[in-house]
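Below you'll find the structure, written out as structure tokens, and then a few comments.
There are 2 protein chains.
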Amino acid sequence: MNEFDLIEKYFNWKNPGSDTFGVGDDCAIINTTANTQIVTSVDTLIAGVHFSKNTSAGDIAYKALSVNLSDLAAMGATPKYFTLALTLPELNEVWLSEFSKALRRLAAEYQLDLIGGDTTKGDLSITVNIIGEVETGKALLRSGAKVGDLVYVSNTIGDAAYAWQQIQQGIKPSDFYLNRLNRPRPNIKLAQQLVAVAHACIDVSDGLEQDLLHILKRSKVGAKIDLNAIPMSAEVARYVDNTQDWCTVMAGGDDYELCFTVPKTSADALKTIEKNLNIVLTKIGVITKNQDLEIVGLDKACKSYQHF
Amino acid sequence: MNEFDLIEKYFNWKNPGSDTFGVGDDCAIINTTANTQIVTSVDTLIAGVHFSKNTSAGDIAYKALSVNLSDLAAMGATPKYFTLALTLPELNEVWLSEFSKALRRLAAEYQLDLIGGDTTKGDLSITVNIIGEVETGKALLRSGAKVGDLVYVSNTIGDAAYAWQQIQQGIKPSDFYLNRLNRPRPNIKLAQQLVAVAHACIDVSDGLEQDLLHILKRSKVGAKIDLNAIPMSAEVARYVDNTQDWCTVMAGGDDYELCFTVPKTSADALKTIEKNLNIVLTKIGVITKNQDLEIVGLDKACKSYQHF
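From first to last, the protein sequence lines are chains F and W.
So in my numbering, spot 21 of the first sequence is number 21, and the numbers just go up one at a time.
So in my numbering, spot 257 of the second sequence is number 1257, and the numbers just go up one at a time.
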């Protein structure tokens, strides 16, 4: 099997009603729509850095796509297309079959079309470049937070970092935590409803503390956060109670939840969104004028994950 | 220096008049234009596979961008934006400075904006996802070749593969050949003029034989090619004369020249393009009805480069 057969067998599929073409040409071609802007992001996952060597092909595919979907979510965009640059140590058809099946299933869920790619030989690494659409001028940015805004996060924080820590210690996390680490759900639907409500938004991939700092820096504001308000799942809450290790929660990263700010008048709108989507949104603090981040209850800043 | 400082220092620049924004957000935002389509492609370069360990940071940056520009050229598209996923073994500021300088210089030449990226730690690898624009319905495809069309290639074929072979044998190629290998010029201007003339087009990155086969397959036609018509630089022509090693020329790849088909009536238009751009376009054969590739003078098919 050569590179072309591999692409043909595992990566040549389209969603029903797909409007892309040119796949099989040097580039893919995308139609644009009036009054929309194109939104794009890229993320690389590397074996041993972003997932452990034991992670299944299906989980790797899922995560490679979902972390990019999460970036689109943070902008309030609708997913449309993606390209895949796949570096493989060997041609393993069992692995490829599982990888492509999981990729295709998640892509189909969002009517996301695979429109191009490149396969190369080397240490396992997956780069997804995702492309979405947003109504012109309506994208959620990091720069829109205003003094007095309430700061919210979706669902619970710290689950993925807690699971990763368990794995490092040789403990197998329960399915809930494994899924939070390996199969994070991108908050696409939530984000599309936040477009009408939120002033600023980011996805919590680098750790809540660091990602909130990005909003503050770009919005030229500060924030006062209440550590005790941070929403946590039961096991993580118990772990923090026992160890006082708040940094796993605040800086562990890999959460792919949304952190966003809304004006005080939007609290009711958020309740409606919570009900409609059966999701938990938690107020964790408020945007302040002085440009720093005060986390009430945290003694010192945590060290967030750094590649270098 | 952390990842954010690295991006700020080496990859946060815009071309004058850039219309992109959102860099620093989770995604970049691109404005679309009426009557245009978006064209996109992705290519990964890996140390030891696509370039030797001794290749300079500037040459690597140049090639990573130019091979993607070449894919846009093959579609007759205008370059607009790119994202960069960079995997680095270490944070080497001398290397990064040279890399970013060369990248920026080539990007500026085409008013190409760097709109997003990801830096990760691992074996050196560079994935560029390029985005261009083309007038709706005007993209050059592989599928448009018609029986009776003339088959052309731009400039000379085989230079890069010849240089690579010399390096493998411990011989330092002359500057011309090193540049053909490390700094291939994307044929953007040529392609934009071919849009009005050519029926089908591809860039010769995998080797002329294999890439022409892509056109034939997608167009459901055949071709008769004259080996003696293949344009070669002086040193490569001498090498082939001495060794009869046609496969380095026909299947070595890495040429980034354009192979395209035009109706017979367009021969004069091509002469004008040649003159305007000071470029050599050579007729190497003709499109035939029977769906196979006949290369007059070549005894057997060459084995093209395969990753696996």
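Virtual Cβ for every residue (Gly too), placed ideally from N, Cα, C.
All values reported here derive from a predicted model rather than from experimental measurement.
C-alpha gap between residue i and residue j, whole angstroms
i, j, result
"K1271(W)", "A61(F)", "49 Å"
"P186(F)", "F51(F)", "18 Å"
"N28(F)", "Y10(F)", "Sequence check: residue 28(F) is Ala here, not Asn. Cα-Cα distance, rounded: 18 Å."
"N35(F)", "S1100(W)", "34 Å"
"W13(F)", "K224(F)", "48 Å"
"N276(F)", "S154(F)", "14 Å"
"I1157(W)", "L1178(W)", "14 Å"
"S1056(W)", "I30(F)", "35 Å"
"F1082(W)", "D1118(W)", "12 Å"
"A267(F)", "V195(F)", "14 Å"
"Q1168(W)", "E3(F)", "24 Å"
"Q291(F)", "C259(F)", "18 Å"
"N68(F)", "L84(F)", "11 Å"
"Q192(F)", "L1212(W)", "45 Å"
"G58(F)", "V94(F)", "11 Å"
"G253(F)", "V1042(W)", "28 Å"
"Y1110(W)", "V1204(W)", "21 Å"
"K1172(W)", "M1232(W)", "20 Å"
"D123(F)", "W164(F)", "21 Å"
"A234(F)", "L181(F)", "16 Å"
Residue-level contact to chain W via CB, residue i, 9 Å cutoff
i, result
"N129(F)", "yes"
"G252(F)", "no"
"T78(F)", "no"
"S143(F)", "yes"
"D26(F)", "yes"
"Y110(F)", "no"
"T248(F)", "no"
"Y152(F)", "no"
"T91(F)", "It is worth fixing the name first, because residue 91(F) is Leu in this sequence and not Thr. So, interface residue."
is_contact[residue i, chain F] using C-beta, thresh 9 Å
i, result
"H1214(W)", "yes"
"A1074(W)", "yes"
"H1199(W)", "no"
"A1057(W)", "no"
"F1099(W)", "no"
"K1353(W)", "Missing from the structure shown is residue 1353(W); chain W here goes from 1001 to 1308 and no further."
"G1207(W)", "no"
"V1286(W)", "no"
"F1011(W)", "no"
"Q1037(W)", "yes"
"D1268(W)", "no"
"S1041(W)", "yes"
Cβ shell of residue i (< 7 Å), same chain only, five flanking positions each side left out
i, result
"M1075(W)", "V1039, V1134, A1139, L1140"
"R1104(W)", "W1013"
"R218(F)", "R142, S143"
"L86(F)", "G117, T119, I126"
"T1136(W)", "N1035, T1036, Q1037"
"I202(F)", "A74, R142, D211, H214, I215, C259"
"E1274(W)", "V1280, L1281"
Span of the beta strand (DSSP E) around residue i
i, result
"N31(F)", "28 to 31"
"I1295(W)", "1293 to 1296"
"I1167(W)", "Premise fails: I1167(W) lies in the alpha helix (DSSP H), 1159 to 1168, not in any beta strand (DSSP E)."
"K1224(W)", "1222 to 1226"
Sequence-distant residues of its chain with Cβ nearer than 6 Å to residue i (five each side left out)
i, result
"C1247(W)", "C1302"
"A1269(W)", "V1197"
"I287(F)", "A145, V147, D149, V221, A223, T261"
"T78(F)", "G132, E133"
Extent of the continuous alpha helix (DSSP H) run through residue i
i, result
"Y1239(W)", "1234 to 1243"
"C1201(W)", "Looking at the DSSP string, C1201(W) is not in any alpha helix (DSSP H); the run it does join, the beta strand (DSSP E), is 1200 to 1204."
"K1189(W)", "1188 to 1194"
"N1179(W)", "1175 to 1182"
"Y256(F)", "Run containing Y256(F): none; DSSP gives neither H nor E here."
"G58(F)", "57 to 75"
"A107(F)", "93 to 109"
"A251(F)", "246 to 251"
"F11(F)", "Counting along the chain, F11(F) falls outside any alpha helix (DSSP H), and DSSP gives it neither H nor E."
"L216(F)", "208 to 219"
DSSP bridge partner residues for residue i (one or two, in chain order)
i, result
"S154(F)", "L281(F)"
"S1125(W)", "I1046(W), T1087(W)"
"P231(F)", "Its beta-bridge partners do not exist; DSSP assigns none."
"E133(F)", "I38(F), T78(F)"
"V1197(W)", "None; V1197(W) has no bridge partner."
"T147(F)", "Per the sequence shown, the amino acid found at residue 147(F) is Val instead of Thr. According to DSSP, which records beta bridges pairwise, V147(F) is partnered with nothing at all."
Close-in-space but distant-in-sequence residues of the same chain around residue i (CB under 8 Å, 5 per side omitted)
i, result
"Y1239(W)", "Y1162, D1245, T1248"
"E1294(W)", "G1222, A1223, K1224, I1225, T1288"
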